[in-house]
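Quick notes on the structure that follows.
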Amino acid sequence: MKQSRDSGTDRDDAVVRDFRGRYVAGKRNRTGTAAVRRFRSIIYGHYREFKRDFPWRRTADPYHILVSEVMLQQTQTGRVAQKYPEFVSAFPTVEALAEAPLYRVLGVWQGMGYNRRARYLHELTKRVVSEHGGSIPDTPEELALLPGIGSATAASICAFAFNRPVAFIETNIRSVFIHFFFPDRKKVSDRDILPLVEASLDGEEPRLWYSALMDYGAMLKKRHPNPSRKSAHHQKQAPFEGSRRQLRGLVLRTVLAGPGVTLRRLALRAGVPADELYPIIEELIKEGLIRRKGRGLVI
Numbered sequence: 064m065k066q067s068r069d070s071g072t073d074r075d076d077a078v079v080r081d082f083r084g085r086y087v088a089g090k091r092n093r094t095g096t097a098a099v100r101r102f103r104s105i106i107y108g109h110y111r112e113f114k115r116d117f118p119w120r121r122t123a124d125p126y127h128i129l130v131s132e133v134m135l136q137q138t139q140t141g142r143v144a145q146k147y148p149e150f151v152s153a154f155p156t157v158e159a160l161a162e163a164p165l166y167r168v169l170g171v172w173q174g175m176g177y178n179r180r181a182r183y184l185h186e187l188t189k190r191v192v193s194e195h196g197g198s199i200p201d202t203p204e205e206l207a208l209l210p211g212i213g214s215a216t217a218a219s220i221c222a223f224a225f226n227r228p229v230a231f232i233e234t235n236i237r238s239v240f241i242h243f244f245f246p247d248r249k250k251v252s253d254r255d256i257l258p259l260v261e262a263s264l265d266g267e268e269p270r271l272w273y274s275a276l277m278d279y280g281a282m283l284k285k286r287h288p289n290p291s292r293k294s295a296h297h298q299k300q301a302p303f304e305g306s307r308r309q310l311r312g313l314v315l316r317t318v319l320a321g322p323g324v325t326l327r328r329l330a331l332r333a334g335v336p337a338d339e340l341y342p343i344i345e346e347l348i349k350e351g352l353i354r355r356k357g358r359g360l361v362i
């Protein structure tokens, strides 16, 4: 029988305090065998009891996992869990996505935000087909050469798609290591965190280990002030309402719904002057998300 949330929180806090006292305080060896073993046991213990279930964790298909990792770059897991099944159903293979017209890819992507990711995925699959015979590359170096894939995403794809023991940091992982190892510090750099990630990495089950770390980090953000705010890399996200990002999304949705729409109609739909929309339209054209056709705009 699971303990109540309050008693579970008290228990977890006591475990973390004990860990810090044994392995973090003073000049003790934070990456020694005993510390690593204890750290893993805490993270895996929580995972066994409270692990989250996501559709991308139920597949070993490298392409499907790549899609999920790109979706998760800037979007919360709840929204990705809703959109991911629809996307991989519409484009079940690398070839299916590569051959699809961009307007269809963007149409299925709607609701996710940051639409450049959809275009990057589209371009990426074309490159995978032409340069890799349709097989997703299995090294961070090769993956990082693909559109929209940075070093952290490349490493996470290797870990989750190919079970490779590569070290990387994302927001939940960062929260875990700050919470355990840097409780009294501010502006913690990823340079300080990465050696701890490398030392504690489960080389036999990296896929499982990273899932456990991320779930523990998600729990921390619910129970404590977000530990990631102590990171030197933390950036507070600007409000969406009234933002440039909101206008970008509105322009793209309007063009998808009515190809050939003019700037005047877009301005009326958005409720903003045309001269405010013009730079956004130029930006979207430059990024390859829309293009001019006659006096109107199309995908």
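Taking our numbering, the leading residue of the sequence shown gets 64, the next gets one more, and so forth.
Beta carbons: idealized from backbone N, C-alpha and C, even for Gly.
#1: Would Leu209 pass as a contact of Arg190 if the rule is Cβ separation under 8 Å?
#2: Taking just the CA atoms, how far does Tyr177 sit from Ala275?
#3: Exposed or buried, which one is His296 when buried takes at least 16 other CB atoms within 10 Å?
#4: Within its chain, find whatever has a CB closer than 6 Å to the CB of Lys349; leave out the 5 residues flanking it on each side and keep chain order.
#5: If you draw a straight line from the alpha carbon of Val151 to that of Gly266, how long is it in whole angstroms?
#6: Measure the C-alpha to C-alpha separation of Ser252 and Ser294 and round it to an integer number of angstroms.
#7: Taking the straight line between their C-alpha atoms, what separation do you get for Pro342 and Arg180?
#8: Which stretch, first to last residue, makes up the beta strand (DSSP E) that contains Leu165?
#9: Keeping to the same chain, check which residues put their C-beta closer than 8 Å to that of Leu347; ignore five residues upstream and five downstream.
#10: Looking at the structure shown, is Val130 part of a helix, part of a strand, or coil, going by DSSP?
#11: Can you have a look at Arg121 and say buried or exposed, based on whether 16 or more other CB atoms are within 10 angstroms of its CB?
#12: Look at the alpha carbon of Val309 and the alpha carbon of Phe303, and state the distance between them as a whole number of angstroms.
#13: Taking 8 Å as the cut-off, does the region 129-143 touch the region 206-222 (at least 3 CB pairs, one atom from each stretch)?
#14: Unbroken beta strand (DSSP E) runs of length 3 or more, entirely within the region 182-229: which are they?
#15: Can you check whether the CB of Arg237 is closer than 8 Å to the CB of Ser291?
#16: With Leu184 and Val229 assumed to form a contact (beta carbons below 8 Å), what rounded beta-carbon distance in angstroms separates them?
#17: Do you know how far the Cα of Thr234 is from the Cα of Gly174?
#18: Would you decide whether Gln137 is buried or exposed? Buried here means 16 or more other CB atoms lie within 10 Å of its CB.
#19: Would you decide whether Gly280 is buried or exposed? Buried here means 16 or more other CB atoms lie within 10 Å of its CB.
#20: Under a Cβ-count criterion, where at least 16 other Cβ atoms within 10 Å of its own Cβ denotes burial, should Ser70 be classed as buried or exposed?
#21: Using only the alpha-carbon positions, how far apart do Ala215 and Leu206 sit?
#22: DSSP on Ser252, reduced to helix/strand/coil?
#23: Which whole-angstrom value describes the C-beta separation of Arg93 and Leu259, a residue pair presumed to lie in contact below a C-beta threshold of 8 Å?
#24: Do Ala337 and Arg327 count as a contact pair if the criterion is CB distance below 8 Å?
#25: Go ahead and label Ile362 buried or exposed: buried means 16 or more other beta carbons lie within 10 angstroms of its beta carbon, across all protein chains shown.
#26: Are the CB atoms of Pro288 and Phe225 within a distance shorter than 8 Å?
#27: Could you tell me if Pro155 is buried or exposed, where buried requires 16 or more neighbouring beta carbons within 10 angstroms of its beta carbon?
#28: Comparing alpha-carbon positions, which option in Ala330, Leu331, Thr325, Thr202 lies nearest Arg358?
On the basis of the supplied data:
#1: Result yes, Cβ atoms of Leu209 and Arg190 sit closer than 8 Å.
#2: Straight-line Cα distance between these residues: approximately 27 Å.
#3: Classification for His296: exposed.
#4: In its chain, beyond the 5 residues on either side, no residue has a beta carbon closer than 6 Å to the beta carbon of Lys349.
#5: Val151 and Gly266: Cα-Cα distance of roughly 29 Å.
#6: Ser252 and Ser294 have their C-alpha atoms roughly 6 Å apart.
#7: Each residue's Cα considered, the two are about 20 Å apart.
#8: Per DSSP, Leu165 lies in no beta strand (DSSP E); the unbroken alpha helix (DSSP H) holding it starts and ends at 165-172.
#9: Around Leu347: Arg311, Val314, Leu315, Ile353.
#10: Look at Val130 here: in three-state DSSP terms it is helix.
#11: Label assigned to Arg121: exposed.
#12: Looking at the sequence provided, one finds Gln at residue 309 rather than Val. Distance between the alpha carbons of Gln309 and Phe303: 6 Å.
#13: Taking a contact to require three or more Cβ pairs closer than 8 Å, the region 206-222 and the region 129-143 qualify as touching.
#14: Note on the region 182-229: there is no whole beta strand (DSSP E) run with a minimum of 3 residues.
#15: Arg237 sits close to Ser291, with the two beta carbons spaced by under 8 Å.
#16: Rounded to the nearest angstrom, the Cβ distance from Leu184 to Val229 is 21 Å, too far for a contact under 8 Å.
#17: C-alpha separation (whole angstroms): 22 Å.
#18: Gln137 counts as exposed, since fewer than 16 other beta carbons sit within 10 angstroms of its beta carbon.
#19: Gly280 should be labelled buried.
#20: Unreliable positioning characterises Ser70 in this predicted model, as indicated by a pLDDT of 46, which lies under 50. A coordinate reading is not provided.
#21: Their Cα atoms are separated by approximately 10 Å.
#22: Per DSSP, reduced to three states, the secondary structure at Ser252 is coil, with no helix or strand assignment.
#23: So it is a contact: roughly 7 Å between Cβ atoms.
#24: It is a contact, given that the beta carbons lie within the stated cut-off.
#25: Counting Cβ neighbours within 10 Å, Ile362 comes out buried, since at least 16 surround it.
#26: It is not a contact, given that the beta carbons lie outside the stated cut-off.
#27: Exposed, by the Cβ-count rule.
#28: Ranking the options by Cα distance to Arg358, first place goes to Thr325.
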